[in-house]
Every structure is written in structure tokens, then in C-alpha cells.
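J.: In the working numbering, the protein residues as written are 19 to 206.
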Amino acid sequence: MSIKSDRWIRQMALEQGMIEPFVERQIRGEEGQRLISYGVSSYGYDVRCADEFKVFTNIHSATVDPKHFDERSFVDIRGDVCIIPPNSFALARTVEYFRIPRNVLTICLGKSTYARCGIIVNVTPLEPEWEGHVTLEFSNTTTLPAKIYANEGVAQMLFLASDEACEVSYRDRGGKYQGQRGVTLPRA
């Protein structure tokens with residue numbers, strides 16, 4: 019396996035629709051404007067967070083159970099900013115829709131800007147031939163409220179390509195998160 023460069027990412031996105039919408043260069047704030055970067059980087063792609071969030075709350079005293087998920091565990095928030103309470107958790111989704119090639123494994127990692135504020139993005143693999151919006155998981159590990167900004171960079175995708183295609187892809191085995199749109203809750 020080898021990690022893929024900006025040139026390969028551009029080619030796959032433009033010719034095969036691997037990332038939509040696709041930003042061909044890294045976007046940073048203009049002079050005096052603060053913006054968390056997104057778009058193509060040297061060896062990855064910095065994704066943006068959409069403006070829809072699910073913030074976990076204990077208001078209904080629900081138990082978080084991945085086999086029997088109780089939708090009363092969270093509140094829906096829509097906006098340019100999401101405030102995650104101290105020591106809490108939120109779900110969001112990428113602006114970008116992905117179509118991962120059969121010989122590629124993609125890994126989603128948090129950006130250092132958020133990590134330095136105590137906001138951790140769960141490391142998530144995107145398996146060969148998976149497609150959809152990526153559901154992002156944010157943990158606020160601090161004792162203070164934390165902000166997540168919609169339509170700005172929140173995580174980086176790294177693309178690892180093999181010189182041979184996998185025998186059984188995510189699509190082949192009918193993965194339960196195939197084609198997801200929007201923030202997708204756990205499915206047992």
C-alpha cells in the first residue's frame with residue numbers, strides 16, 4: 019500500500035467523482051479572516067463539516083446502546099456553529115460525498131487545530147467501494163464548552179492504495195452504512 023498525493027487525489031476526484039463537491043486546492047482564510055482550512059493538501063483531503071449536528075444529552079436519562087439506539091439521547095442542531103457541552107459528544111457529517119475506489123482504503127483523522135482544543139475526531143476507516151457522506155464523531159474532552167464550525171475544515175482523509183483490488187469490498191458484502199446521506203445513527 020502507498021499513501022496517495024495531491025495529484026492522484028485531484029485525478030480521482032475529477033475523473034471518477036471520488037469526492038463531491040471537490041475543492042482542488044487548500045482554502046485558507048483571507049487576510050484577517052479566520053478560517054479552518056479545507057480542500058486538497060499534500061497527501062490528503064481536508065473535509066468540511068455540514069451544518070447539521072446531533073449533540074448528545076442526558077436530559078431524558080437514556081442509555082447509549084449501539085444495538086438499541088434511543089434517539090432521545092441527542093438533540094438536533096442546525097447552524098454555522100455547534101456548541102458541544104463539556105465532556106460530551108456530537109455527530110455531524112461531511113459536506114463532501116465520497117466514492118472510494120475498490121483498491122483504496124481511506125482513513126479519516128482529526129485536524130490538529132481541533133485536537134489542540136481538546137476536540138477529538140474519531141479515527142474512521144472508509145473501506146473499498148464504500149460511498150456516502152461520512153458521519154463524523156466529535157468528543158469534547160475538556161471541562162469547557164467547545165465550538166465546531168460548519169463549512170470549515172474538521173478532519174483529513176488519507177488515501178492508501180493497494181497495487182491489487184480487494185477480494186470482497188464493502189459494497190460486495192452489502193455494508194450497513196453504504197450510500198448514507200446526512201448524519202447516520204448507529205445500526206446494529
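Built from N, CA and C at the ideal position, the CB exists for glycine as well.
Computed from a prediction, not measured in an experiment: that's the story for all the values here.
Short check: CB of Asp64 to CB of Gly150, under 8 Å?
T.: The residue given as residue 64 occupies position 46 in the sequence shown. The residue given as residue 150 occupies position 132 in the sequence shown. No, Cβ-Cβ distance for Asp64 and Gly150 is not below 8 Å.
J.: Can you list, in chain order, the residues of its chain with a C-beta nearer than 6 Å to that of Met30? Leave out the 5 residues immediately preceding and following it.
T.: For this step, residue 30 is matched to residue 12 along the sequence shown. So the qualifying residues of the chain are Met36.
J.: Flag this pair as yes or no: are the beta carbons of Ala68 and Ala173 separated by less than 8 Å?
T.: Stepping through the sequence shown from its first residue, residue 68 is reached at position 50. Stepping through the sequence shown from its first residue, residue 173 is reached at position 155. No, the pair does not count as a contact, with Cβ atoms beyond the cut-off.
J.: Which one or two residues does DSSP pair with Arg96 in a beta bridge?
T.: In the sequence shown, the residue the question calls residue 96 occupies position 78. The partner list for Arg96 (beta bridge, DSSP) reads Glu70.
J.: I'd like the list of long-range same chain contacts for Tyr188, defined as Cβ closer than 7 Å, with 5 residues on each side in sequence excluded.
T.: Here the question's residue 188 lines up with position 170 in the sequence shown. Counting only Cβ-Cβ distances below 7 Å, and skipping sequence neighbours, we find Glu145, Pro146, Glu147, Trp148 and Gln196.
J.: Does Lys72 pass the burial test, meaning 16 or more other C-beta atoms within 10 Å, or should it be called exposed?
T.: In the sequence shown, the residue the question calls residue 72 occupies position 54. Result: buried.
J.: Return the bridge partner residues of Phe107 from the DSSP annotation.
T.: The residue labelled residue 107 in the question sits at position 89 within the sequence shown. For Phe107, which the question treats as bridged, DSSP gives the partners Ser157.
J.: Would DSSP call Ala31 helix, strand or coil?
T.: Translated into the one-based positions of the sequence shown, residue 31 becomes position 13. Ala31 falls in the helix class under three-state DSSP.
J.: Given a cut-off of 8 Å, decide if Phe87 and Thr75 are closer than it, judged by their beta-carbon atoms.
T.: The sequence position of residue 75 within the sequence shown is 57, counting from 1. The sequence position of residue 87 within the sequence shown is 69, counting from 1. It is not a contact, given that the beta carbons lie outside the stated cut-off.
J.: For Glu182, which residues of its own chain have a beta-carbon under 7 Å away from its beta-carbon, when the five flanking residues on both sides are left out?
T.: Numbered from 1 along the sequence shown, position 164 holds the residue referred to as residue 182. Counting only Cβ-Cβ distances below 7 Å, and skipping sequence neighbours, we find Asn121.
J.: Does the Cβ of Thr124 have 16 or more other Cβ atoms within 10 Å, making it buried, or fewer, making it exposed?
T.: The residue labelled residue 124 in the question sits at position 106 within the sequence shown. So Thr124 counts as buried.
J.: Does the distance from the C-beta atom of Ile27 to that of Phe177 stay below 8 Å?
T.: Within the sequence shown, numbered from 1, the residue matching residue 27 stands at position 9. Within the sequence shown, numbered from 1, the residue matching residue 177 stands at position 159. Yes, the Cβ-Cβ distance between Ile27 and Phe177 is below 8 Å.
J.: Is it true that the CB of Ser79 sits closer than 8 Å to the CB of Asp24?
T.: Residue 24 sits at position 6 when you count from the first residue of the sequence shown. Residue 79 sits at position 61 when you count from the first residue of the sequence shown. The answer is no: Cβ separation not under 8 Å.
J.: Straight-line CA distance for Arg43 to Gln34?
T.: Within the sequence shown, residue 43 is the residue found at index 25, counting from 1. Within the sequence shown, residue 34 is the residue found at index 16, counting from 1. One C-alpha to the other measures close to 18 Å.
J.: Between which residues of its own chain and Pro143 is the CB-CB distance below 8 Å, once the five residues before and five after are set aside?
T.: Here residue 143 is taken as the residue at index 125 of the sequence shown, counted from 1. Counting only Cβ-Cβ distances below 8 Å, and skipping sequence neighbours, we find Leu123, Thr124, Ile125 and Cys126.
J.: For Glu241, collect the residues of the same chain with a Cβ closer than 6 Å to its Cβ; drop the 5 residues on either side in sequence, then sort them by chain order.
T.: Given a span of 19 to 206 for the chain in the structure shown, any question on residue 241 remains unanswerable.
J.: Please work out which residues of its chain come closer than 6 Å, Cβ to Cβ, to Asn140, disregarding the five sequence neighbours upstream and downstream, and give them in chain order.
T.: The sequence position of residue 140 within the sequence shown is 122, counting from 1. Closer than 6 Å at Cβ, skipping near neighbours: Glu155.
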